[in-house]
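One line per chain: the protein sequences are A and B, in this order.
The first sequence lines up with residues 1 to 348 when you count with the UniProt record's numbering.
The second sequence lines up with residues 1 to 348 when you count with the UniProt record's numbering.
There are 2 protein chains.
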Amino acid sequence: MTDTIRPTRTTASRYGGRPTMKDVAARAGVGLKTVSRVVNGEEGVSPDTGRRVQEAITALGFRRNDSARVLRKGRTASVGLVLEDLADPFYAPLSRAVEEVARLHGALLINGSSTEDPAREQELVLALCARRVDGLVIVPAGDDHRYLAPEIAAGVATVFVDRAPGLIESDVVLTDGFAGAREGTAHLIAHGHRRIGFVGDQPHIQTASERLRGYRAAMADAGLPVHEPWITLGPTDPARVTAETWRLLAGPEPVTALFTGNNRVTVTAVRVLAASGRRVALVAFDDFELADLLSPAVTVVAQAPAQLGRTAAELLFRRLEGTEQATQRLTLPTRLLPRGSGELPPQD
Amino acid sequence: MTDTIRPTRTTASRYGGRPTMKDVAARAGVGLKTVSRVVNGEEGVSPDTGRRVQEAITALGFRRNDSARVLRKGRTASVGLVLEDLADPFYAPLSRAVEEVARLHGALLINGSSTEDPAREQELVLALCARRVDGLVIVPAGDDHRYLAPEIAAGVATVFVDRAPGLIESDVVLTDGFAGAREGTAHLIAHGHRRIGFVGDQPHIQTASERLRGYRAAMADAGLPVHEPWITLGPTDPARVTAETWRLLAGPEPVTALFTGNNRVTVTAVRVLAASGRRVALVAFDDFELADLLSPAVTVVAQAPAQLGRTAAELLFRRLEGTEQATQRLTLPTRLLPRGSGELPPQD
DNA sequence: ACCACTGCTGACAACGTTGTCCAGTTACGA
DNA sequence: TCGTAACTGGACAACGTTGTCAGCAGTGGT
């Protein structure tokens, strides 16, 4: 008995019973292609036939299988976004902005968090390529993106955001972290500070090292020496940052001001400053909610994460629409928002 | 001349030049199926052949087309998440948790923000169904989900989170907003407050009305009257919440304490309280970053958004693995975190 | 020498959709 | 009345992959 194997079926059975166009066609008594025409709103179907087909569609609960459509058409109407951590208050609005632009172009967003791990970044990106996303927006974790070369050659539009790609040519949208950090640090110097601590992220992260460069540049501009112990770089986990911040505040010649390199570092540093009871000035890179309500309110060098995401997504879709110009590198400025903490005078 | 039409091709040409298994097979001098076997790590390929195929794969930069695979296999290894706003500090960790669980199950996450618009929720959900996601996690915006019936019947696993679905049976994971709001309000009453304001979200949102119910229950428990002007419900935009909060603080018998219904409302209310200079007690539903650093630190009824997401995702994958038990309704408890603002005594 | 068996390999169909092309029907002017 | 154009509908192939099955060599036992 083999008659139960591969029976020709007219009733839906796979996908737990998902009807196909064939099923709809059978029910409406029309041809397959006619159903396709109705589903896609193509012309050339009489109103009467159209109505019969529509009825069959609702009766069966038919939904077009986009996988098959993609296979046939070659476009998926979806873009991928890979970033460090979707829940990070800096990246969440960025992601949201990309989603919004994608929606305007009728595309869905698939995203993944790399957790700052280059291997995972690559894994995610390639998984997205396997799904044939039309384009990719990437906040890179690694610094070697040669693995993307075949994909880009195959036509996957790619835009990097917040950090530049490594060993590969591509569109990039960045924030000017160097200028921002320089301005923020200069602000502290202008308020009389000479011993300024820098609490940053891991040095191999581009944005982190750019900001450090800005700090050094501002100090150099003012002719101030930088004592290396004033600088602490590394993972942003609260334990490390707490310990290091305390260290900067201790000793015979403690820092009188802090420049914090990103929002995660900032919240931890703020906690330490509050606990220490010292009036240490603070300028933070990256704005955060309620910064204005702390006492003192926190002076920040604000980035525009949503604008970053929007710009990148728009660039991506411009590429998808066929722009063939050379790859671009856009840089968005930061904005210094004085709120109080950055204007505290030095206290020795 | 029609010989340029539909030429049989051995070299890749579509997708901007993406090689297929056929191309790999040709280059390696083997059959199509053998390439498939190698790509999927199936056994039954001699080491020598396997090596030749691997070389061809890397030489051509081949990447399996998952769309075609999905079409053939019926499973996409992707799940959809629809929520209100990805960038909301409450939903971001929820989303992240779902992503994490999905990753453990080898699935990707596709998400969309409904912006609290039922039509957009439906549009997104159906788009995800058309892509044949294996399952859906939904934070509903609407209150009628009958449109999902055919999808669920067709085998799309569905779990609702944070709010229950309408007119449909499904798994749900909720936070006990009623109990949480009741406890928070009771906390204020225990500290001597009699006139307590409630600043909430739009009343048609389940979580909002549940929390209001909890507030009323606590007042009733204590035998206290509720004056309706103490209650304000509506959109959470800062303008409205600011105006309404000022209103609650005005008049001959102003409230001496506030209960705020969600994190967006809370930050606005905190701003107003700070600006007013009044010592009004505050208990907020939903924890938020830096709540402990404000002065006074904000007492909150904390939810566990990540746990909510994780629980929902785990339930989803249990379904996908074939659990056939009746639909479940899980409720997670809240936790009252006294920090100062909720323990202020009444000041008239 | 033959057979049974095992281990590799490839031909072929099918997944559900869309593009191409052709056939049938109707309407209209010559 | 016929020819022709306009319109409607359907048969068929193709997209790139995987499941089924059959064939082919090599091996070992009789």
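Beta carbons are placed, not taken as given, at the ideal position from N, Cα and C, and that holds for glycine.
Being a predicted model, the structure only gives us computed values, none of them experimental.
Test: residue i CB closer than 9 Å to a CB of chain B
i	result
T175/A	no
D3/A	For D3/A, the predicted model reports a pLDDT of 29, less than 50, meaning its position is unreliable; a value from the coordinates is still stated below. No, D3/A does not count as interfacial toward chain B.
V137/A	no
S113/A	yes
D85/A	yes
L93/A	At residue 93/A the sequence reads Pro, which differs from the Leu that was named. Yes, its Cβ sits closer than 9 Å to a Cβ of chain B.
R339/A	no
R96/A	yes
T207/A	no
R132/A	yes
Residue i at chain A interface by Cβ criterion, 9 Å
i	result
L258/B	no
T10/B	Bear in mind that a pLDDT of 35 at T10/B, under 50, signals an unreliable position, so the number given afterwards is only what the model happens to contain. With 9 Å as the cut-off, T10/B does not count as an interface residue toward chain A.
L89/B	Here residue 89/B turns out to be Pro, not Leu, going by the sequence shown. Output row for P89/B: interface = yes.
V101/B	no
P150/B	yes
Y215/B	no
L128/B	yes
I110/B	yes
S170/B	no
T327/B	no
R153/B	Position check: residue 153/B holds Ala in this sequence, whereas Arg was assumed. Closer than 9 Å to some Cβ of chain A, the Cβ of A153/B qualifies, so yes.
V199/B	no
V226/B	no
T76/B	yes
Which residues DSSP lists as bridging residue i, in chain order
i	result
G160/A	The sequence as given places Phe at residue 160/A; Gly does not occur at that position. In the DSSP output, where bridge partners are listed per residue, F160/A has I138/A, V172/A.
I196/B	A257/B
N111/B	L109/A, L81/B
R335/A	A302/A
R329/A	V172/A
residue 351/B	No answer is possible for residue 351/B: it lies beyond the span of chain B, which begins at 1 and ends at 348.
Residue from the options with nearest C-alpha to residue i
i	options	result
V298/A	E321/A, A269/A, A304/A, T323/A	A269/A
G50/A	T34/A, H191/A, R63/A, L136/A	T34/A
L332/B	A59/B, R339/B, V301/B, R96/B	V301/B
R247/B	V267/B, S276/B, A222/B	S276/B
V24/B	P47/B, R64/B, E42/B	R64/B
G251/A	P229/A, G177/A, V45/A, D162/A	P229/A
S78/A	L316/A, A284/A, E123/A	L316/A
G74/B	L337/B, L320/B, A326/B, T242/B	L320/B
L344/B	E244/B, V70/B, R279/B, R329/B	R279/B
R240/B	A222/B, D201/B, R211/B	D201/B
L308/A	V161/A, G106/A, I152/A	V161/A
V173/A	L330/A, S114/A, P338/A	L330/A
V82/B	L126/B, E55/B, A220/B	L126/B
residue 371/B	R146/B, D117/B, T242/B, N111/B	Since the first residue of chain B shown is 1 and the last is 348, residue 371/B is not available in this structure.
R194/A	A220/A, A56/A, E169/A	A220/A
Element boundaries [alpha helix (DSSP H), containing residue i]
i	result
S36/A	32-39
L94/B	91-104
Y215/B	206-221
L249/A	238-249
E55/A	47-60
P19/A	Here P19/A belongs to no alpha helix (DSSP H), and DSSP marks it neither H nor E.
N263/B	263-276
Q122/B	118-130
L71/A	66-73
H187/B	177-190
A149/A	149-153
Continuous beta strand (DSSP E) stretch holding residue i: start and end
i	result
F259/B	257-260
A285/B	Reading off the sequence, residue 285/B comes out as Phe, not Ala. Unbroken beta strand (DSSP E) run through F285/B: 281-285.
V298/B	Per DSSP, V298/B belongs to no beta strand (DSSP E) and is neither H nor E.
Original post:
In chain order, what residues of the UniProt domain "HTH lacI-type" (19-73) of chain A put their CB closer than 7 Å to some CB of chain B?
Top reply: The UniProt domain "HTH lacI-type" (19-73) of chain A vs chain B, Cβ under 7 Å: G61, R63, R64, N65, D66, S67, A68, V70, L71.
* Compile a chain-ordered list of the residues in the segment 272-305 of chain A whose CB is closer than 7 Å to at least one CB of chain B. => Only A274, E289, L290, L293, L294, S295 from the segment 272-305 of chain A bring a Cβ to less than 7 Å from some Cβ of chain B.
Requested in this report: Could you list the residues in the segment 155-166 of chain B with a C-beta less than 7 Å from some C-beta on chain A, going in chain order?
Outcome: Listed in sequence order: G155.
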